[in-house]
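A.B. asks:
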Amino acid sequence: MSCFALLILTSLYGLQFLKVNYSTFELLDRSLLSYESARTLRDEFGDKNILTLQIRKEEAFTQQDLCELYEIYEADFLLSKEAEVLSSPFDWRQGTMTDGRIWFPLVLSKPCQIEKSLKQILSENPASYQSFYFGADQRSLVFILRIHGKDIVEIQERLEMQIRTKLEASKSGLKSFWLGEPVYERHMKAGNESMGLVNFVAVIVIIFFLFFFFHSKIIFGMFLMAVLPAIVVIHGLMGILGHDLNLLSLGVFLMLLVAVIEDFSFVFSGIDFRGLKWRKNFRQCLWPGFLTSLTTVLGFGSLVLTDVQMVRRFGFYMALGAILEWALLFIFIPSVLHLLKNHPFLLRYGARSSAQPRELKPSFFSQRMLSRKFVLLGLVLVPLGFVALFHLNLNTTPSGLFSKQHPINLSRAEFLKNLNYDVDLSLLFSRSVSSERVAQVLEQIRANEIVSRIESLDGHIADALQKIPEEFRNGLDTDMKYSAGAQRFRSTKLQERAVIHLKVSDLQRIQSFIRGAEKTCGNDCEVVGAMASFAELGMGVLKALQESLFVGSLLVFLTLFFVSRSRGFPLGSCFLVSATALVAPMAILCLFAFFQVEMNLVNCLCFSGLLGIAGDNIFQYVLSGRRHNLTDLDIVRKWKPSLFVGLTMCFLCLSFVVSAFVAVRSLGIWLCGGFALGLLTDYFFTRALLLPQTRAKGSTPLRLT
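Residue numbers (our numbering): 453 to 1157.
1) Quick one: what does DSSP say A1039 is sitting in, helix, strand or coil?
2) Mind checking who E536 pairs with in its DSSP beta bridge?
3) Does DSSP put V951 in a helix, a strand or coil?
4) Taking the alpha carbon of I902 as the reference point, which residue from Y873, V893, S887, L879 has its own alpha carbon closest?
5) Take F752 and list the residues in its own chain whose beta-carbon comes closer than 6 Å to its own, dropping the five residues that flank it on each side.
6) Can you name, in chain order, every residue of its own chain whose Cβ lies under 6 Å from the Cβ of A840, other than the five neighbours on each side?
7) Using three-state DSSP, classify R905 as helix, strand or coil.
8) Just curious, the beta strand (DSSP E) that T944 is in, first and last residue?
9) Taking the alpha-carbon positions, what's the G990 to L470 distance?
10) Are the beta-carbon atoms of I906 and A936 separated by less than 8 Å?
11) Based on DSSP bridge pairs, tell me the residues matched to D499.
12) Go ahead and label A984 buried or exposed: buried means 16 or more other beta carbons lie within 10 angstroms of its beta carbon, across all protein chains shown.
13) Expressed to the nearest angstrom, what Euclidean distance is found between the alpha-carbon atoms of L459 and V684?
14) Starting from the C-beta of R824, find all residues in its chain whose C-beta is less than 6 Å away, skip the five residues before and the five after it, and write them out in chain order.
15) Could you pull out every residue in the same chain whose Cβ sits closer than 7 Å to the Cβ of R1117, ignoring the five residues on either side in sequence?
16) At which residues does the beta strand (DSSP E) containing E875 begin and terminate?
17) Let me confirm a value: D517 is counted as buried when at least 16 other C-beta atoms fall within 10 Å, else exposed. Which label applies?
18) Please report the residue range of the alpha helix (DSSP H) in which S887 lies.
19) On a CA-only basis, which of F663, V655, E777, G673 is nearest V712? Give me that one, please.
20) Just mark E714 as buried or exposed, buried being the case when its beta carbon has 16 or more other beta carbons within 10 Å.
21) Whose C-beta lies closer than 6 Å to the C-beta of F1096 among residues of the same chain, with five residues either side of it excluded?
22) Could you tell me whether the Cβ atoms of N900 and G968 are closer together than 8 Å?
23) Determine the direct distance from the alpha carbon of L846 to that of N1055, and round the result to whole angstroms.
24) How about E978 and L880: are their beta carbons less than 8 Å apart?
25) Measuring alpha carbon to alpha carbon, tell me which of L693, L464, D724, A654 ends up nearest L709.
26) For F629, which of helix, strand or coil comes out of DSSP?
27) What residue ranges within the region 621–698 form continuous alpha helix (DSSP H) runs of no fewer than 4 residues, ordered along the chain?
28) By DSSP, does P557 sit in helix, in strand, or in coil?
29) What would DSSP say about K1090, mapped onto helix, strand or coil?
30) Pick out whichever of Q468, N501, V594 has its Cα sitting closest to the Cα of R508.
31) Take L616 and list the residues in its own chain whose beta-carbon comes closer than 8 Å to its own, dropping the five residues that flank it on each side.
32) Does the region 1121–1132 come close enough to the region 1018–1025 that 3 or more CB-CB pairs lie under 8 Å?
33) Compare the C-alpha of Y474 against each of G466, E620, S646, I524 and name the closest.
34) Inspect the beta-carbon positions of H912 and F941 and report whether they are closer than 8 Å.
35) CA-CA distance, K955 and L631?
36) Would you be able to state if there are at least three C-beta pairs under 8 Å between the region 1029–1040 and the region 1128–1140?
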């Protein structure tokens, strides 16, 4: 008791250091080969503060539209201290004057006195086409901004709100679309905060099912004693070790609830708190509870084999949580009950629970048995699952966490439709590379079919000079290399880069493009950027999933095999029953591959969770009877607590649907299906494989005395 108290007090101290990390960049792993290069773009080129704003109209812009936009641009917040315009269709800024700006309006020298229509200007001056529009039609304007300030999320939200308000006030049918890391951070913050609501709903679901099934007030107190200390210790340890809460570790609370509810339900089903009679339940469930917790440790613990740090930490904390919940349930709670054995509260509310009725009426589940041939056919899903593991649709980019109707993905769709690009990569050149070599590399890469356009320092200067009257051009090409707009292409360390806009976001096609671009670059440049890192991360996650499923499945299979064999079952039956535990996770895996469901960082938890509870019911069934003599009654008496566990976990996972992340909602639905399938296969397949096929359809009701 004193050890548990000391551990909890230490963990409570560590909670004050626990922080939530909302950055999408922090989803990347520091062990990635492309991580440092991607950080260079954020820190030296300032990409972490860059925003791209597209203003879109369904019809072509009119002169009045441009007048209104120019007035907003010239007089309002785009020129404030919080947002610096790096690229605009309206002006070029050169940082050589005392105020840091020289203005060269492209078209609107007198905003509301344009003599020619926009269409005429474009047709007569095609050289200004790309620099003015950045796109492929006359209905899109693009601004590139750099945010200044500590809270870039708050600034971006304020900018977006102000822009939207002014565009709506203009009544011109103009819409704004935003992309950039601050946008993702803002929505990641909202999504992570929504996980608090998910946790709250999950707790309400647990409370409802506990009272519905057990009809005892004291049971809920026992559940809190089993789960709260584990949650406090895990999160306190995160704070002490300096591990921030992120997209994965925010799910530890929910997955621990799932892990606790199973062992807890079997232990407290039909328990009698009077005197020391409760010891019988703990004694009967001690060994099965240890094995079910062991499979959870194996399922999540196998994730520590991966090179992806975030996944590895999640696996470690979940495995540690499974150990803690077992210790709390089978060591801490019995100690508390022993101390309170004569307490009036325990005597008053500790009457025999009505959770386990004395009579089980005939039902479909207790009357029917599946054919052994059908069960053998169902076991084919196990090898098919391992085949499906190599045909998954992987998407570890942050956009995959949100629904298609989310503002982020709507903006991406608009950029792709109107400007013909989806994501960005960069080529980072060595300082010694000549301009001719840079131009040669870019020309070869531009020929790739997935490349929409390439921005470079020379191209940026050439576009700018075209906007400037000839009498002002002398010497400006050199000065422009150090201007605010050129900082996107030249860092403080004088490294140059080119920004490549791609038409696709498919990780496999991007990886193929990266390999081809690296061959073109040789030793002169490297392909860098967040997308390159996310593509590398995706391959790491897929490798982690494959390794953890192979290792975890093997360990779960061997554990079940040796336990069932030790109970005296035939060798063949032991093999088949052990394979039965893997049917549910492998069936879900086959569905993922068949329907090409997007696999992301969150969905990978689905298989670890399913593998963690794989075979838990089978352990209860196998160990419920005497050695060499498992009867139908032994299995059926465990059916009701198994059903309660399955229903509770299903409804617990359905609470995930209140999350702002579509990936979390999808995880809940798939886990719900996997738990339900695992419950049915464990029950029916085990009975078919371990019991003789002699029961008639009209057999008498089972009575438990």
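The beta-carbon is built from N, C-alpha and C at its ideal position, and this holds for glycine as well. As the structure is a prediction and not an experimental result, all values here were calculated from the model.
C.D. replies: The structure says:
1) helix
2) R598
3) strand
4) Y873
5) G767, M770, A771, S1060, G1064
6) L1041, C1042, A1045
7) strand
8) Neither: T944 is in no beta strand (DSSP E) and is coded neither H nor E.
9) 27 Å
10) no
11) None; D499 has no bridge partner.
12) Around the beta carbon of A984, a 10 Å sphere encloses 16 or more other beta carbons of the protein chains shown; the residue is thus reported as buried.
13) For the pair L459 and V684, the Cα-to-Cα distance works out to about 9 Å.
14) A1140
15) F1108, V1109, S1111
16) Position check: residue 875 holds Val in this sequence, whereas Glu was assumed. Per DSSP, the unbroken beta strand (DSSP E) holding V875 starts and ends at 875–881.
17) Buried, since its Cβ has 16 or more Cβ neighbours within 10 Å.
18) Unbroken alpha helix (DSSP H) run through S887: 887–898.
19) Minimum Cα distance to V712 is reached at E777.
20) Residue burial annotation: E714 is buried, with at least 16 other C-beta atoms found within 10 angstroms of its C-beta.
21) F665, S717, listed in sequence order.
22) yes
23) 10 Å
24) Note that the C-beta distance between E978 and L880 is below 8 Å.
25) Residue A654 is the option with its Cα nearest to L709.
26) strand
27) 633–666, 669–693
28) The predicted position of P557 is uncertain, since its pLDDT is 40 and thus under 50; a value taken from the coordinates is nonetheless stated next. Coil.
29) K1090 falls in the coil class under three-state DSSP.
30) V594
31) In the sequence on display, residue 616 carries Arg and not Leu. Within the same chain, R616 has close Cβ partners S628.
32) no
33) S646
34) Remark: C-beta atoms of H912 and F941 approach each other more closely than 8 Å.
35) Each residue's CA atom was taken as its position, placing K955 and L631 some 15 Å apart.
36) yes
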